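Chemist:
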Amino acid sequence: MWRAGLVFGALIWFVSLAGLVEALHARWVVDGVVSAGQVLLWGVVVASGWVGARRAPGALVSRLGWGLFSGATAGFCLGLLAWLGGQVDLRSVFINASPVLFQLLSAGLQPPQAWLAAVLAGSVLGLVGAAGAVAPKGLVRPLLAGLGAGVSLGMFQELVLLVLQPEGLAAVREWLFVASGGPTAHGVGAVALASAAAAALRPALSAGGRTVGLSFRAGRVLWIVVGIALLALLPVAGGPFVAQVLVLVGLYTLMGLGLNLEVGLAGLLDLGFVAFFAIGAYTVGLLTSVGQHGIAHWSFWAAVPVAVLVSLVAGVILGIPVLGIRGDYLAIATLGFGEIVRLLVLSDALRPWLGGSQGVLSIPKPVLGGWELSGPQHLYYLTVVASAVVAYVAWRLQESRLGRAWMAIREDEDVAEALGINLVSVKLLAYGLGAAFAGVGGAIFAVMVGSVFPHSFQLLISIQVLALIIVGGMGSIPGVVVGSAVLIGLPELLREFGEFRFLVYGAALVAMMLLRPEGLLPAAAQRRELHAEESGSALQPWAVGAGGGA
Amino acid sequence: MATATLQRPRAPRWSFVDAFLWAFRLVVVVVVAWGTVGTLRLGRYTGEQWLDFFVFGLAQGGIYALIALGYTMVYGILRMINFAHGEVFMSGAYTAYFVAAPLATSGFLNRHPLLSLSLLVAVAAVVSLSVAVLVERVAYRPLRRAPRLVPLITAIGASFFLQYAFRGLFGSGFKAYPEFELFKGQWEVFGVGILRTQAVVLASAAVLMFALYQFVMRTKVGKAMRAVSEDKDAAALMGIDVDRIIVLTFAIGGAAAGAAGILYALVFKQVHFFMGFVPGIKAFTSAVLGGIGNIPGAMLGGLFLGVVESVGPALFLDGLGIVAPYQLKDVIAFTMLVMVLIFRPQGILGERLAAKRA
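Protein sequence lines, in the order shown, are assigned to chains A and B. Count along the first sequence from 1, then add 532; that gives the number in this note's numbering. Count along the second sequence from 1, then add 36; that gives the number in this note's numbering.
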């Protein structure tokens, strides 16, 4: 417990020197008063108090005391960094150790006072965190919801402003935001209050809904209708930028659905998955391009089935040699295949056919009934339809005999084989179908960018797809969508994060596995399995699964 | 995990999978043979050039071997691939740059080259060791009883995190490592000119590997490590603190990787936040090639991979009339990786551990 403060102090050093604090400092949460960078720093100190209090044993007072101590330690570390930045030129080593950062850390004060202020503020914030740890959940949850909503308003101000663009909403816009600046204090306050109230009233509301007779099924239908309407209207309301982000989310969803068949259902960890995305994209590129490397000048619609077929065959062909490999050896072998494909495409040896590092250019946009799907807003609908179709196929597969067979080999290959499952065909189907899904994504990617080159198909993409299905919840189709919205959509919307997104991915992979291995929206089976150990009796996991599966 | 897998009786019939695998083997053998014959008939390279390739391959292989030690030792004990090991290697070399650069500007580096080199190796080894131990503590230890896939995923996450943490802290550009005046030019050994850098790298790698091997085989701690890798539970019953030995294994593997990082910087003269990825994969290939869990195997595998990778493009691909064969250097390494995993997962030295798993 005494270590909490030091660990969080180190975290403060890291986020400051890695440039995260300064990048976020450029964004107002309340215009002219609080920046997102400050919120991050304070948040870390509060968290140290929270953890310190949670780890501490004993009575209320002692826990509060430990929280205060942790916060003070974290504040001390912050002050130390601020002091050090004034004494030594850290910038020759740490590129982000700028004067702006130290100005922010010392809150504009001179060294001795600044340090004292940091320790004092740290104690207070630590005490706040500790209070949060000991207070009843019914009180803390609405507070957190309010804070989260208030900060989100600042973080997503561009998006909110885009939605509030129409003239009729000018009054709301001006009330919430300073002209060409961040949110106003009363705007943030109102949003925070509203969501805190909603969070506080949620239990009462849902209970009320049940008494009125709004059945579970009706509620579900309502949600689906609202969801479809939102999906259809979002790009219209948000404009081309939002549409572009949503197309990316859709493409990653397609890949995620494919990899989900392999990793989530069949337990075959594939790190070379991007190869199939590349194969789909290159097939469409070569078949439709009107440039130098085009071989057929087909239309997009004729090329897509071929691309899917080629990816499927490629999935099976790359699957055959690795049939006998399991676990982490499989991950490395597929990683090797993915890199081989990329390096071959990139090489000068295949340049006459695939264009080497320049790639295949001049891929025409798809034409539908004399109407060209050119901008991201048009391609968005193509992506949504494709994702919906693929998600439906994935859902049916999951519930089928084949899906059961996949889950069986995920749990234990030997037992599955003993039960009469043909490992060869079942595994090859997983590779083939997963690859085919990625091929659809690749096909759309090719027409979206208008050209394909090897640099778009780095290992990074495979890792991103893996990260999104893990964050979403392995083996869960809604999880894939949520994962790609969170990991692909959010960083695109938060421009400052651009540089740090991979840092966050790495941390998210580790943190998810440590704290919530089943993901954000888990499949029921996974949740039961992963929490089976925590519940005492053998029966309990089922009860948990049934209760949480709603 | 003590899973006693029964040896599955091979189905006698000739399935299409076997046919495919045989075809795969045949294609590789034919390509290699054809290319070799073609190259030798062309006679484009002199004997001296081949020797250069070979020595360069050995030097590179020595670096791979040092990194591979970390993979193989961790695998021997925990049966897991420490995917972040390439980043452990990177972190040492990268951090030591901030010692090397001031040493070079002050002139100390060239006044006392051997002292500076030892200092740099020490710094890199300490940093890599700390990073390796930290990764073990945060990403692996809490998950020791989790399903197999879970630690692999955290390893990938840790590797990513480390790469981009270094990028965030120190920037995304290449940093030029200072050069040692002493190591420029060539030495004549038996009438053959060998680049000094490569000789130094090879010699240091050999010394370090010898020392490590002696440590593992001769000391009490080394014995405890071997005992834990043999059977964790039995070792614990014999009074060995298993957790401590695991941390120690990560530490030693990390230190070796840090030293390898300095040698790498000597050869390639630059560092970058992404530099750990490819050597990491290749070192893993070396470890598997030699038989994972087997320390002499990792050394042998590293040297072998280094030589094949350096001689291979000229020997196998030039004769096929392929344009710019050196771009395909990594393709050769990755193909070898895949082939070993598929056809001989137990590696050259036939480690019994791996045979049980694959």
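The beta-carbon is built from N, C-alpha and C at its ideal position, and this holds for glycine as well. The structure presented is a predicted model; accordingly, all values stated were derived computationally and were not measured.
Which residues, in order along the segment 536-561 of chain A, keep a beta-carbon less than 8 Å from a beta-carbon of chain B?
Modeler: Residues passing the 8 Å Cβ filter: F546, L549, A550, G551, L552.
Chemist: So, with DSSP's three-state summary, where would you put G1079(A)?
Modeler: Here residue 1079(A) is taken as the residue at index 547 of the first sequence, counted from 1. With a pLDDT of 32 at G1079(A), under the threshold of 50, the modelled position of this residue cannot be trusted, and the question is left open.
Chemist: Helix or strand or just coil, what does DSSP make of F977(A)?
Modeler: One-based indexing of the first sequence puts residue 977(A) at position 445. Reduced to three states, the DSSP call for F977(A) is helix.
Chemist: What separation, rounded to the nearest whole angstrom, lies between the Cα atoms of V1076(A) and R181(B)?
Modeler: Position 544 of the first sequence, counting from 1, holds the residue named residue 1076(A). Position 145 of the second sequence, counting from 1, holds the residue named residue 181(B). Here V1076(A) scores only 32 on pLDDT, less than 50, and its place in the model is too uncertain to base an answer on.
Chemist: With a 10 Å radius around its C-beta and 16 neighbouring C-beta atoms as the bar for buried, classify S127(B) as buried or exposed.
Modeler: Taking the second sequence and counting its residues from 1, the one referred to as residue 127(B) is at position 91. Result: buried.
Chemist: Which term fits W598(A), buried or exposed, when burial requires 16 or more other beta carbons within 10 angstroms of its beta carbon?
Modeler: Against the first sequence, residue 598(A) aligns to sequence position 66. With 16 or more Cβ atoms within 10 Å of its Cβ, W598(A) is classed as buried.
Chemist: What number of angstroms, rounded off, separates the C-alpha of V156(B) from the C-alpha of V135(B)?
Modeler: Within the second sequence, numbered from 1, the residue matching residue 156(B) stands at position 120. Within the second sequence, numbered from 1, the residue matching residue 135(B) stands at position 99. The amino acid at residue 156(B) is misidentified as Val; the sequence shows Leu. Their backbone Cα atoms lie some 7 Å apart in a straight line.
Chemist: In chain A, what lies closer than 7 Å to G207(B) by C-beta?
Modeler: By one-based count along the second sequence, residue 207(B) stands at place 171. Those are I627, listed as they occur along chain A.
Chemist: For a quick check, are the C-beta atoms of F340(B) and L325(B) less than 9 Å apart?
Modeler: Within the second sequence, the letter at position 304 stands for residue 340(B). Within the second sequence, the letter at position 289 stands for residue 325(B). For F340(B) and L325(B), yes; Cβs fall inside 9 Å.
Chemist: Relative to the C-alpha of T285(B), which residue among Q96(B), G74(B), V53(B), Y111(B) is closest?
Modeler: As a working mapping, residue 285(B) is identified with position 249 in the second sequence. Measuring from the Cα of T285(B), the nearest candidate turns out to be Y111(B).
Chemist: Leaving aside the five residues before and after Q996(A) along the sequence, list all residues of the same chain whose C-beta is less than 8 Å from its C-beta, in chain order.
Modeler: Numbered from its first residue, the first sequence carries residue 996(A) at position 464. Y784, L1019, I1020, Y1037.
Chemist: Quick one: give me the first and last residue of the alpha helix (DSSP H) that Q890(A) is part of.
Modeler: For the purposes of this step, residue 890(A) is identified with residue 358 of the first sequence, where counting begins at 1. No alpha helix (DSSP H) contains Q890(A), which DSSP labels as neither H nor E.
Chemist: Considering only their Cβ atoms, is the gap separating P1054(A) from G1007(A) smaller than 9 Å?
Modeler: As a working mapping, residue 1007(A) is identified with position 475 in the first sequence. As a working mapping, residue 1054(A) is identified with position 522 in the first sequence. Contact flag set, yes.
Chemist: Here's the rule: buried if 16 or more other CB atoms are within 10 angstroms of the residue's CB, otherwise exposed. What is F540(A)?
Modeler: The sequence position of residue 540(A) within the first sequence is 8, counting from 1. With 16 or more other Cβ atoms within 10 Å, it is buried.
Chemist: At a Cβ cut of 9 Å, what residues of the segment 1032-1051 of chain A count as close to chain B, listed as they run along the chain?
Modeler: Against chain B - using a Cβ distance shorter than 9 Å - the residues of the segment 1032-1051 of chain A are F1032, R1033, F1034, L1035, V1036, Y1037, G1038, A1039, A1040, L1041, V1042, A1043, M1044, M1045, L1046, P1049.
Chemist: How many angstroms separate the CA atom of G584(A) from the CA atom of M939(A)?
Modeler: Within the first sequence, the letter at position 52 stands for residue 584(A). Within the first sequence, the letter at position 407 stands for residue 939(A). About 41 Å.
Chemist: In the DSSP assignment, find the beta strand (DSSP E) that holds G229(B) and state where it starts and stops.
Modeler: On the second sequence, position 193 is the one that residue 229(B) refers to. Here the beta strand (DSSP E) through G229(B) covers 228-231.
Chemist: List the whole-angstrom C-beta distance separating A950(A) from I1009(A), where the pair is believed to meet the contact cut-off of C-beta under 8 Å.
Modeler: Translated into the one-based positions of the first sequence, residue 950(A) becomes position 418. Translated into the one-based positions of the first sequence, residue 1009(A) becomes position 477. Contact flag wrong, Cβ pair sits at about 29 Å.
Chemist: Rounded to the nearest angstrom, what separates A158(B) and V283(B) at their Cα positions?
Modeler: Here residue 158(B) refers to the residue found at position 122 of the second sequence. Here residue 283(B) refers to the residue found at position 247 of the second sequence. Using only the alpha carbons, I get a separation of about 19 Å.
Chemist: Please identify the residue among A834(A), G868(A), A750(A), V576(A) whose C-alpha is closest to the C-alpha of A807(A).
Modeler: The count along the first sequence starts at 1 and reaches residue 807(A) at position 275. Closest by alpha carbon: G868(A).
Chemist: Among L694(A), L701(A), A736(A), which one has its Cα closest to the Cα of P767(A)?
Modeler: Against the first sequence, residue 767(A) aligns to sequence position 235. Among L694(A), L701(A), A736(A), the Cα nearest to that of P767(A) belongs to L694(A).
Chemist: Does the beta carbon of P361(B) sit closer than 9 Å to a beta carbon anywhere in chain A?
Modeler: Within the second sequence, residue 361(B) is the residue found at index 325, counting from 1. Output row for P361(B): interface = yes.
Chemist: Our contact map puts A650(A) next to L610(A) with C-beta atoms below 8 Å; I'd like the distance itself, whole angstroms only.
Modeler: Here residue 650(A) corresponds to residue number 118 of the first sequence, with the count starting at 1. Here residue 610(A) corresponds to residue number 78 of the first sequence, with the count starting at 1. Right, the Cβ-Cβ distance comes to about 5 Å (below 8 Å), so this counts as a contact.
Chemist: Under 7 Å Cβ-Cβ, which residues of chain B neighbour A750(A)?
Modeler: On the first sequence, residue 750(A) is found 218 positions in, with the first residue counted as 1. What A750(A) touches in chain B: nothing, since even the nearest Cβ is about 38 Å away.
Chemist: Could you check the C-alpha separation between R595(A) and V723(A) for me, to the nearest Å?
Modeler: Within the first sequence, the letter at position 63 stands for residue 595(A). Within the first sequence, the letter at position 191 stands for residue 723(A). Cα to Cα, the separation comes out at about 32 Å.
Chemist: Any chance you could list the beta strand (DSSP E) runs of at least 3 consecutive residues sitting entirely within the segment 176-230 of chain B, in chain order?
Modeler: The segment 176-230 of chain B contains these whole beta strand (DSSP E) runs: 222-225.
Chemist: Closest to P1044(A) by CA distance: which of A168(B), S142(B), V186(B) is it?
Modeler: One-based indexing of the first sequence puts residue 1044(A) at position 512. Looking at the sequence provided, one finds Met at residue 1044(A) rather than Pro. Nearest option by C-alpha distance: V186(B).
Chemist: Quick one: Cα of V561(A) to Cα of G569(A), how far?
Modeler: On the first sequence, residue 561(A) is found 29 positions in, with the first residue counted as 1. On the first sequence, residue 569(A) is found 37 positions in, with the first residue counted as 1. Those two C-alpha atoms are separated by around 9 Å.
Chemist: Could I get the ranges of all uninterrupted alpha helix (DSSP H) runs contained in the segment 788-861 of chain A, with 4 residues as the minimum, in chain order?
Modeler: If we require 4 residues or more, the alpha helix (DSSP H) runs fully inside the segment 788-861 of chain A come out as 806-820, 832-851.
Chemist: Applying the criterion that 16 or more other CB atoms from any shown protein chain within 10 Å of the CB defines a buried residue, is A1070(A) buried or exposed?
Modeler: On the first sequence, position 538 is the one that residue 1070(A) refers to. With a pLDDT of only 38 at A1070(A), under 50, the local geometry of the prediction cannot be trusted, and the value read off the model is given with reservation. Looking at its Cβ environment, which holds fewer than 16 other Cβ atoms inside 10 Å, A1070(A) is exposed.
Chemist: Taking only beta carbons into account, state which residues of the segment 832-864 of chain A come closer than 9 Å to chain B, listed in chain order.
Modeler: For the segment 832-864 of chain A, which is checked against every Cβ of chain B, the residues closer than 9 Å are I849, I852, P853, V854, L855, G856, I857, R858, G859, D860, Y861, L862, A863, I864.
Chemist: So, are the CB atoms of E871(A) and L991(A) less than 9 Å apart?
Modeler: Here residue 871(A) corresponds to residue number 339 of the first sequence, with the count starting at 1. Here residue 991(A) corresponds to residue number 459 of the first sequence, with the count starting at 1. Contact flag set, yes.
Chemist: In chain order, what residues of the same chain lie with their CB nearer than 8 Å to the CB of A810(A), ignoring the 5 residues before and after it?
Modeler: Translated into positions along the first sequence, residue 810(A) becomes position 278. Excluding positions up to five away in sequence, the list reads V873, R874, V877, G974, V984, P986, S988, F989.
Chemist: Which runs of the alpha helix (DSSP H), 4 residues or longer, sit entirely within the segment 230-280 of chain B?
Modeler: Here the runs fully enclosed are 232-254, 256-266, 268-273.
Chemist: How far does the beta strand (DSSP E) with V984(A) in it extend, from its first residue to its last?
Modeler: As a first step, residue 984(A) is located in the first sequence; it is residue number 452 there, counting from the start. Element bounds for V984(A): n/a, residue is neither H nor E.
Chemist: In chain order, which alpha helix (DSSP H) runs of at least 4 residues are fully inside the segment 293-348 of chain B?
Modeler: Here the runs fully enclosed are 313-326, 331-348.
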